[in-house]
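Chains as they are written, first to last, in my numbering: chain A, 1 to 251; chain B, 252 to 577.
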């Protein structure tokens, strides 16, 4: 066991860059394909895996359920340092947490792995569902929002931060963790990393479309009503106006 | 038999959390003919159950077990599966909190019941049930129709008013037995944080610190301002990344969702991931030196200026009795 490399699987999803503008037409969202990035919390999951690899004998697979266009984000993950990538076909009607989790679990049942890492949520749907669903399907222990993973002999030590309390768990492999945003800043890929990534294996697996009910979803812009009053004048004037306002709110 | 709506009770520092009271309000909206059940899980909750009898629920169900003394996924999931089996409810309602987010997808998968996460409103329209939820970091609102009678719901904190106590206590209390094995991941260590005097979620005034505070000195200034005006400090991811404060104080998509009467954003640019956690504040005041910072678009009142100049002057002015309102 101690000589065998640990196999870490990082679940990635692609999401619209927070900077991209979203265009609505008849209640549906339109985004240009260039505006997709690796979901930021997932990129932090990959960073955690890469830091783990710096300490222990580890191989990292990045796994994405997406259309073919997901290859771009997987290549970026390989450039950051993942060893191989797997892309499992997803039909547009299947882009829902339960289906994505089922496809992930279906693939993982066929391979050996030790730790699954995923972002705590995606910045588009933000349901936080995929990680725990995969754990349920595979019947393995899971921890959300972890802050540290360390390897012991046959098990791992996992720390999580729950509202300021630090919990430490001992858990045998395999298990799943979700990573909170802000735990790390994902590394930038080096030029040599980008060159190497071109030669790393990227497996594309087709998959049958699961029969799903089409869910109708309508999108709108949120309403925000704010006064948007900006105090003008010299610093002292502005501060006096603000202090007066604060006191009136305090009444 | 009546349909049942189960609310998963959550605690914070051994007090029922406000999100659970918000769940009661949401349940009232979904109620129809159904019975509302508040589920209390833990080790010794009888006393709490009696205190909670004044809330507007039909029944309190206690599930007590030594393995439930502290929230952790496996024992809670097992207990909830057993509760589901025994009570066979139509709806399970909990907060979109760390606990709700961890447990609800697991149960949804195990029971094959649809889950709607982070819901911020529910609405019946000609007997059809519609939900809305913020997506794309709050840039858009998604509206979905629920077309199954049985489902799970996690609600976004601070979107419903906390349910108030009634004068009478007419809800019944019953206990359910569950069988739980010792969970495989074992808790081997626990460092409890120094308790803050007030939960951020309950604070009426929050002073927010962002990347613009620059360093510990800036963070000290924010703490001083909060102390001066009787507020609590919250931070953005930018401030956490400066390394001057703990991530448990973070507000926004990764952190907490708050709805204070007053939010003063200091040196916070207003990234959408932060705003999604604070825009339920009644009044927002922004102090930032960048006139183009997005925070100004969601602020009611704002000062464009250097917080290292503005905040000391503001505290001085606050203490200045000649500036009382006449």
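Glycine included, C-beta positions come from ideal geometry on N, C-alpha and C.
The C-beta separation of residue 444 (chain B) from residue 164 (chain A) comes to about 3 Å, placing the pair in contact by the 8 Å criterion. Residue 177 (chain A) places its beta carbon less than 8 Å from that of residue 142 (chain A). Distances from the alpha-carbon of residue 463 (chain B) to those of B:326, B:479 and B:516 put B:516 closest. In the structure shown, residue 367 (chain B) falls within a strand segment according to DSSP collapsed to helix, strand and coil. By the 16-neighbour rule on beta-carbons within 10 angstroms, residue 349 (chain B) is buried.
In this structure, residue 525 (chain B) and residue 502 (chain B) form a Cβ contact; the two beta carbons are roughly 7 Å apart against a cut-off of 8 Å. Take the alpha-carbon of residue 393 (chain B) and the one of residue 383 (chain B): they are about 5 Å apart.
Positions of the beta strand (DSSP E) runs, each at least 3 residues long and wholly inside the segment 390-431 of chain B, are given as 391-397, 402-406 and 423-427 in order along the chain.
Shown here for residue 17 (chain A): same chain residues with a beta carbon closer than 8 Å to its own, the five before and five after excluded, namely 35, 36 and 37 in chain order. Only 120, 121, 123, 124, 125, 126, 127, 128, 129, 130, 131, 132, 133, 135 and 136 from the segment 120-136 of chain A bring a Cβ to less than 8 Å from some Cβ of chain B.
DSSP places residue 219 (chain A) in no alpha helix (DSSP H) but in the uninterrupted beta strand (DSSP E) bounded by 217-220. For residue 66 (chain A), the uninterrupted beta strand (DSSP E) run begins and ends at 58-66, by DSSP. Annotated as distal: residue 161 (chain A) and residue 151 (chain A), with beta-carbon spacing of 8 Å or more. Taking C-beta atoms as the reference points, residue 80 (chain A) and residue 187 (chain A) count as a pair closer than 8 Å. With a threshold of 8 Å between beta carbons, residue 25 (chain A) makes no contact with chain B. For residue 453 (chain B), the three-state secondary structure derived from DSSP is helix. Straight across, the Cα-Cα distance linking residue 491 (chain B) with residue 182 (chain A) is about 8 Å. In chain order, 257, 290, 312, 314, 427 and 429 place their CB closer than 8 Å to the CB of residue 334 (chain B), counting only its own chain and leaving out the 5 sequence neighbours on each side.
Cβ contact annotation for residue 261 (chain B) (same chain, cutoff 8 Å, sequence separation greater than five): 267, 268, 270, 271, 345, 346, 348, 350 and 351, in chain order.
Sequence-ordered contacts of the segment 91-106 of chain A with chain B read 97, 98 and 101 [C-beta pairs closer than 8 Å]. The criterion of a C-beta distance shorter than 8 Å is not satisfied by residue 328 (chain B) and residue 362 (chain B). Residue 54 (chain A) and residue 8 (chain A) have their C-alpha atoms spaced approximately 13 Å apart. Taking residue 353 (chain B) as the centre and dropping the five residues before and after it, the same chain places the C-beta of 324 closer than 6 Å to its C-beta, in chain order.
Boundaries of the beta strand (DSSP E) harbouring residue 373 (chain B): 372-376, taken from the DSSP string.
Within the model, the alpha-carbon separation for residue 96 (chain A) versus residue 131 (chain A) is close to 13 Å. Think of a sphere of 8 Å around the beta carbon of residue 161 (chain A): the chain B residues whose beta carbon falls inside it are 498 and 499, in chain order. Between residue 367 (chain B) and residue 229 (chain A), the gap from beta carbon to beta carbon reaches 8 Å or more. Our two residues, residue 297 (chain B) and residue 391 (chain B), have alpha carbons roughly 43 Å apart in a direct line. Residue 109 (chain A) counts as exposed, since fewer than 16 other C-beta atoms from the protein chains shown sit within 10 angstroms of its C-beta.
Remark: C-beta atoms of residue 61 (chain A) and residue 82 (chain A) approach each other more closely than 8 Å.
Between residue 166 (chain A) and residue 120 (chain A), the C-beta gap is not smaller than 8 Å, which leaves the two residues out of contact. In this structure, residue 94 (chain A) and residue 195 (chain A) do not form a Cβ contact; the two beta carbons are roughly 34 Å apart against a cut-off of 8 Å. With contact defined as three or more Cβ pairs closer than 8 Å, the segment 429-438 of chain B and the segment 475-492 of chain B are not in contact. In the three-state reduction of the DSSP assignment, residue 310 (chain B) falls in the strand class, which pools E and B. Scanning chain B for C-beta atoms nearer than 7 Å to the C-beta of residue 227 (chain A) yields 551 and 552, reported in chain order. Contact between residue 412 (chain B) and residue 509 (chain B) is absent: CB atoms are separated by about 15 Å, not below the 8 Å threshold.
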